[in-house]
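Notes for the one structure printed next.
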Amino acid sequence: MLTDIQLQTMALTYREICEHTDATPWVPLGNFMNDFFDNFAKRREELVQDCIEIPANVTPELQRWAVFCAASVEYLCVRYDLPCPAWVHDAAFTPLSVAWFFSPAAERNPRVRERYERETPEAFKRRNIYCGNKVYVSKREAAAALRLKLTA
């Protein structure tokens, strides 16, 4: 029996972020990461190819997440040598007017801010988003790297 599998694409992820504004965006993003890194790693290109749809009356918060999703796709395509879809360079995903630091400590502590500015991947920095270099870490890749380091 064949079943229709619903991939957690980035387009679906952003739609779920928009539909559930009272919930954390990290749940749909985590579901996307599970599919990208584990469940459907062989179908990564499919997971990022469709353009996210920004609602006509988008709030500043949801616009920020749209830009984050576009930066995420660009970063993951570069990192995993996938063709980068043209939609990530659309004018709808231009840099944020105010820098967005994922750590509240970056507002209070210049050293934290400097670390985020230094370590954030370029796809995010160009869009004025500072999330550090661990926002998309595959637990399997990290575990393999640690095992390799411990046996060296």
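Positions 18 to 169 (my numbering) are the ones given, in order, by the sequence shown.
Here a beta-carbon is modelled for each residue, glycine too, at the ideal position from N, C-alpha and C.
What you are looking at is a predicted structure, and each value in this text was computed from that prediction instead of being measured.
For the pair residue 74 and residue 30, the Cα-to-Cα distance works out to about 18 Å.
Taking a cut-off of 8 Å for Cβ pairs, the segment 124 to 133 and the segment 96 to 106 do not touch, as fewer than three such pairs fall below it. A residue is called buried when at least 16 other Cβ atoms come within 10 angstroms of its Cβ; residue 40 does not meet this threshold and is exposed.
Taking C-alpha positions only, residue 146 is separated from residue 54 by approximately 23 Å. A straight line joining the alpha-carbon of residue 112 with that of residue 168 spans about 42 Å. Straight-line measurement puts the Cα of residue 34 at about 22 Å from the Cα of residue 103. Within the segment 59 to 111, the complete alpha helix (DSSP H) segments of 4 residues or longer fall at 61 to 66 and 77 to 96, listed in chain order.
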